Each structure stands twice: as C-alpha cells, then as structure tokens.
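Read through the structure below, which is laid out as structure tokens, and then see the notes.
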C-alpha cells in the first residue's frame, strides 16, 4: 500500500524541524543584534549564575545618548511600574507600557522587587545597579534561576548600545527539555520587543530634548475626548499619535497648554476621513503637514 505523498514528506520534515531549530534558528535568536565581542564579553551579573543551562546575549543600537536611555530602564517592571515595553497583553495585564518618563519611578535600589508579570507575586530582585551603565535582576524558584542584565554603553556622540543578557538554569524535572525550549522561544519574542520598545522611546525622547519633535501627549484617547487637530511639519511618514496603535495627527487638549502651537479644535465626529476619536486615516497617509 502506497503512502500518501503528504505523509511521506511530513515524515521527512518532522525530524528536520528540531534540527533546523538547534542549528540555525536558536543560534540566531540567542545572539540577535549582538556583535561577537558582545556575545563573548563579560556582563554584570554573570557571576550570579556562572554555569547556566542557557545564555542569550542580544543588543540594539539606539540613536540617543545613554542619559536619554537610562530613565526608561530604571522604571521598567509590570504592575504599578512602567511596564516592560514588550507585549503588554502577555506581561502587563493588557495595560500599555509607559510612553513617558515617570519621575516617581526613577529611584531603584539593590534588593527592590520588580514584578515579572502583572497580577503575579513572582518578581525579579534588583541584584546590582550602576546608574547610567548597568542594571541586573535575578529570580529564583524551585531550584530554577533566571538572571537578566542590561548594559548601556556609549556608541559615538548621541548614540548608545544596549546589551541584554539572559541566563537561566532549569530546575530538575522530567520536563526540563520542554522548559528549555519554551524559555528560549518565549524569551526571544519578549526580549526583542522590549529592546525595540526601549529604543523607540529613547530616540523619541532625545529628539524632543533637541527640539525636533513637538510635545505631544501620547496617552490613550477615548471616543468621548475632545480632540485637537494640529497641522505641523513632520518628517516624511511620521505622524504624532495619541496612542501606540493609532497613527494620527490627533492630540489631547493638554497639548494646547504646552504653548507649542495654536491648535484648531475639531469635533471627534469630524475627524479626517470621517473617523471618530482615535480613528485611522484613510489610504493616502497623514493629514496635511503644511504649517
């Protein structure tokens, strides 16, 4: 009896999947964005777990000086902190991560707890902090240990490199291999998003410090908000936005208090494209950017 071609090819692909994961995908994601020197170099916190089961070193270049990046690192954490700048529906109970520097969260000391996931008692412990340079967390549970280190380094005038190293030891368990794969895959997805979230926030903050961006309130808007449409000069393809997922030129009335420009009030129901509140613009992009 002849086997169906789909079953034949499926039988050949099944053993190829773990092979591809181990030989191609895993090495790539463990060192995403990092240079060979960064991967091989020592990081703060390495001494906490000298012989981990797995170690990942990832990095991102940021067009902002360390002074513009550091405040975003200090305030991270789930729950009552600023969030992890990653997938908020996973680790922050759906609450959007902060898109502004929060002065009340700029003090962090060794021993402080930093919650891992909103609604859970599990928390990192701050193991070391070198202001403006590095931050190390650790968490242990039932024989398992996870360390996470962030190192911030100058990378030329007005630029930084942010290196993130995660090391873990899996607790003894019949499911150890499964836990290792889950940690590998899940950590990469969340860490990559976090690094990009830090980069985007720090670069926007740096541009504003240099006077390149208007002071726009980016807190989420609601359908009942009285919105303001402010025509401004913006780089090509760039729009102000009133929430992380809404690429519009709408801002809250608080922008009027900034004194940056004189807004023209528009009712939400008469927003460009016929949308209400925080709606998207039609094909063709942002509204006119002529000042």
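Numbering (full-length UniProt numbering), first residue to last: 1 to 291.
Using N, Cα and C, we set each Cβ at its ideal position, and we do this for glycine too.
All values derive from a computational prediction rather than experimental measurement.
*Backbone secondary structure at residue 100 - three-state DSSP*: Along the chain shown, read from residue 1 onward, the residue named residue 100 stands at position 100. Coil, per DSSP.
*Are there three or more Cβ pairs, one per stretch, closer than 8 Å when the region 113-121 is compared with the region 72-86?*
Contact between the region 113-121 and the region 72-86 is present, because at least three Cβ pairs lie under 8 Å.
*Roughly how many whole angstroms lie between the Cα atoms of residue 147 and residue 37?*
Translated into positions along the chain shown, residue 147 becomes position 147. Translated into positions along the chain shown, residue 37 becomes position 37. Each residue's Cα considered, the two are about 20 Å apart.
*Measuring CB to CB, does residue 126 end up less than 9 Å from residue 104?*
Residue numbering aside, residue 126 sits at position 126 when the chain shown is read from its first letter. Residue numbering aside, residue 104 sits at position 104 when the chain shown is read from its first letter. Not closer than 9 Å, so no.
*Count the C-beta pairs between the region 176-185 and the region 152-165 that are closer than 8 Å, then say yes if the count reaches three, no if not.*
Under the 8 Å Cβ criterion, the region 176-185 does not count as touching the region 152-165, having fewer than three qualifying pairs.
_Could you tell me which whole beta strand (DSSP E) segments of length 3 or greater appear in the region 134-221?_
Segments of the beta strand (DSSP E) lying fully in the region 134-221: 134-141, 144-154, 160-169.
*What is the DSSP secondary structure of residue 130, reduced to helix, strand or coil?*
In the chain shown, counting from the first residue as 1, residue 130 sits at position 130. Strand at residue 130.
*In three-state DSSP terms, what is residue 113?*
For the purposes of this step, residue 113 is identified with residue 113 of the chain shown, where counting begins at 1. In the structure shown, residue 113 sits in a strand (DSSP, three-state: E or B).
*asked:* Using a Cβ distance threshold of 8 Å, determine whether the region 138-153 contacts the region 41-57, with at least three qualifying pairs required.
replied: Contact holds: three or more Cβ-Cβ distances are below 8 Å.
_Using CA atoms only, rank isn't needed, just tell me which of 195, 132, 190 is closest to residue 71._
What you label residue 71 is simply residue 71 of the chain shown in a count that begins at 1. The option with the nearest alpha carbon to residue 71 is 132.
*Backbone secondary structure at residue 57 - three-state DSSP*: For the purposes of this step, residue 57 is taken as the residue at position 57 of the chain shown. Residue state, collapsed to three classes: strand.
*For residue 156, count neighbouring C-beta atoms within 10 Å of its own C-beta (all shown protein chains included) and say buried if the count is 16 or more, exposed if not.*
To locate residue 156, count along the chain shown from 1; it is residue 156. By the neighbour-count definition (other C-beta atoms within 10 Å, threshold 16), residue 156 is an exposed residue.
_Of the residues 98, 170, 207, 180, the one placed nearest residue 194, counting alpha carbons only_ = Locating residue 194 in the chain shown gives position 194, counting from the first residue. Distance from the Cα of residue 194 is smallest, within the candidate group 98, 170, 207, 180, for 98.
_Which residue marks the beginning of the alpha helix (DSSP H) containing residue 66, and which one marks its end?_
Translated into the one-based positions of the chain shown, residue 66 becomes position 66. Looking at the DSSP string, the run of the alpha helix (DSSP H) that includes residue 66 is 66-74.
*By Cβ distance, which residues of its chain are closer than 7 Å to residue 88, with the 5 residues on each side in sequence left out?*
Position 88 of the chain shown, counted from the start, is the residue given in the question as residue 88. Sequence-distant Cβ neighbours of residue 88 in its own chain, meaning closer than 7 Å and more than five residues away, are 94, 95, 96, 97.
*May I have the straight-line CA-CA distance separating residue 83 from residue 198, to the nearest angstrom?*
The residue you call residue 83 lines up with position 83 of the chain shown. The residue you call residue 198 lines up with position 198 of the chain shown. So the alpha carbons of these two residues sit roughly 11 Å apart.
*Using the rule of at least 16 other Cβ atoms within 10 Å of the residue's Cβ for burial, across every protein chain shown, is residue 27 buried or exposed?*
If you number the chain shown from 1, residue 27 lands on position 27. Counting Cβ neighbours within 10 Å, residue 27 comes out exposed, since fewer than 16 surround it.
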